[in-house]
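Reading the sequence shown from the start, the letters are residues 1 to 339 in UniProt numbering. Notes follow the structure.
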Amino acid sequence: LWGIPLLHTEGDERTDVILGKFLKARDFKVSQALAMLKNCVLWRKSFKADEILDEELGADFDGMAFMFGEDKEGHPVCYNVFGVLQDKDLYSKVFGDDAARFLRWRVQLQEKGVKMLKLEPSTPNALLQVIDLKNAPWPAKKVRSVLLKAISLLQDNYPELVIKNVFINVPWYYSAVFSLLSPFLTQHQKNKFVVTRLGKSTEALFKLISPEKVPIQYGGLGRAGDDEFSGADAPVTELPIKAGEKKTVELAVTTGGSSITWDLVVVGSEVSYGAEFQPDQEGGYTTIIEKTKKISAQLEEPIRNSFKASEPGKVVLSIDNSLSKKKKSVVYRHIVKAA
């Protein structure tokens with residue numbers, strides 16, 4: 001499976017990793033695990049799963065899921081986006097005549113994820129799944145049917161290859177779907193579920209994934225194809241802010257002519273934010289970089305700004321939560337580049 005021999009005679013230490021996944025999926029009942037393994041091998045042959053990475057399945061479903069970064073333990077993260085099904089054409093393809101092609105596309109994505117794993121002992125050898133249900137369609141019968149088929153297919157043929165399923169932006173009406181899924185899941189599988197209601201998604205993701213590796217559309221600092229901070233010593237800091245509190249963050253610029261860039265995102269709800277440069281020289285003029293304005297967790301992307309300092313000093317970021325009765329937090333990082 002996945003280029004890994006299933007017999008110990010080959011001397012590949014990854015064999016134990018693969019066999020262990022099937023055993024764990026069947027509560028270490030050997031006969032059941034062996035039956036599962038046999039069925040998986042037969043399915044891969046009939047489904048032509050080993051050839052699926054070379055298939056061109058079109059770009060119709062690409063907006064439904066994507067791989068981005070890894071969690072704090074090094075597991076690659078797959079984001080599944082159900083809100084795109086608001087598009088009627090896509091909806092009719094996924095739950096209509098193109099349902100079979102959609103399943104092949106989803107298996108192809110799973111194979112891409114597995115290919116990212118080393119599947120060696122003592123290494124992260126599973127994926128983290130994030131399922132975004134914001135604006136997801138009403139779970140009609142045909143929707144449930146396709147979803148159950150996809151879940152069953154992945155569970156039966158990719159055992160223990162998902163470390164956790166994190167459901168975010170969950171509408172109230174999807175509680176019925178979870179009830180429907182429950183009989184098809186073992187308690188072990190249910191323990192992998194994390195369900196987060198609307199408005200709490202960013203906090204839930206930050207518990208599992210470092211903010212710089214969470215995509216900007218989910219309240220993180222991660223931007224696809226962005227290299228502004230790559231390879232730089234730019235640790236991410238989370239600053240809690242109590243209700244009614246105002247705080248400042250000082251970012252030092254020690255050399256004149258240097259450029260400073262910072263990212264900042266608010267977790268929770270609305271705060272007021274501003275930025276200014278204060279020179280070290282006594283009597284120097286303060287420069288307003290950004291006038292104070294209200295920002296919220298619903299921003300399409302985090303704040304990113306840059307400033308070139310003509311002299312040594314500091315950029316001061318002000319975060320004002322004084323009018324709120326709720327605690328917030330801001331997450332930020334910065335980098336200084338010499339002239």
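Glycine included, C-beta positions come from ideal geometry on N, C-alpha and C.
Unbroken alpha helix (DSSP H) run spanning Y91, endpoints: For Y91, the enclosing alpha helix (DSSP H) has its first and last residue at K88 to V94.
Any chance the stretch 128-144 sits against the stretch 160-177, with 3 or more Cβ pairs inside 8 Å? Judged by Cβ distances under 8 Å, the stretch 128-144 makes contact with the stretch 160-177, as three or more pairs qualify.
How about the stretch 215-231 and the stretch 248-265: do they share at least three Cβ pairs that are nearer than 8 Å? The stretch 215-231 vs the stretch 248-265: in contact.
Segment contact flag, the stretch 77-90 with the stretch 19-27, C-beta cutoff 8 Å, min 3 pairs: These segments do not touch.
For V236, collect the residues of the same chain with a Cβ closer than 8 Å to its Cβ; drop the 5 residues on either side in sequence, then sort them by chain order. Excluding sequence neighbours, V236 sits near S210, P211, E212, L221, V331, Y332 and R333.
Between which two residues does the alpha helix (DSSP H) harbouring M36 extend? Counting along the chain, M36 sits inside the alpha helix (DSSP H) bounded by residues V30 to F47.
What span of residues does the beta strand (DSSP E) with Q278 cover, start to end? That run of the beta strand (DSSP E) goes V271 to P279.
Inter-stretch contact at 8 Å, needing at least 3 Cβ pairs: the stretch 141-161 / the stretch 3-22: A contact is defined here as three or more CB-CB pairs under 8 Å, and the stretch 141-161 meets this definition with respect to the stretch 3-22.
Do you know whose CA, among V214, V267, G63 and R26, lies nearest E238's CA? If we check each option's Cα against that of E238, V267 comes out closest.
Take T15 as the anchor and find which of E120, A100, E276 and W172 has the nearest alpha-carbon. Taking the Cα of T15 as reference, the smallest distance to any Cα among E120, A100, E276 and W172 is reached at E120.
Does the distance from the CB of F102 to the CB of V94 come in under 8 Å? Their beta carbons are under 8 Å apart, which means F102 touches V94 by this criterion.
Measuring only the C-alpha atoms, how far is W172 from L148? Looking at the two C-alpha atoms, the distance is approximately 19 Å.
Can you grab the Cα-Cα spacing for the pair L34 / S46, in whole Å? Using only the alpha carbons, I get a separation of about 19 Å.
Option in R26, F28, R44 and M36 with minimal Cα separation from G3: Of the candidates R26, F28, R44 and M36, the one whose C-alpha sits nearest the C-alpha of G3 is R44.
Spatial neighbours of P5 in its chain, beta-carbon cut-off 7 Å, leaving aside the 5 residues before and after: Once the five neighbours on either side are set aside, the close Cβ partners of P5 are D12 and T15.
Within the stretch 113-162, ranges of the beta strand (DSSP E) (whole runs, at least 3 residues): For the stretch 113-162, whole beta strand (DSSP E) runs of length 3 or above, ordered along the chain, are 127-132.
Which stretch, first to last residue, makes up the alpha helix (DSSP H) that contains A25? Boundaries of the alpha helix (DSSP H) around A25: R14 to A25.
DSSP-derived helix/strand/coil call for P76: Of the three classes helix, strand and coil, the one that applies to P76 here is strand, per DSSP.
Note the first and the last residue of the continuous beta strand (DSSP E) segment covering K325. K325: not part of any beta strand (DSSP E); DSSP gives it neither H nor E.
Distance check for D50 and M64, CA to CA, integer angstroms please. Spanning the two alpha carbons is a distance of roughly 22 Å.
In whole angstroms, give me the CA-to-CA distance for G274 and T292. Each residue's alpha carbon lies about 4 Å from the other.
I need the boundaries of the beta strand (DSSP E) containing K308, first residue and last residue. Note, K308: beta strand (DSSP E), I303 to K308.
Which class does A99 belong to by DSSP, given the choice of helix, strand or coil? Here A99 sits in helix by DSSP.
Considering only their Cβ atoms, is the gap separating G219 from V265 smaller than 8 Å? At a Cβ-Cβ threshold of 8 Å, V265 and G219 count as neighbours.
CA-to-CA distance, S310 to M116, given in whole angstroms: For the pair M116 and S310, the Cα-to-Cα distance works out to about 45 Å.
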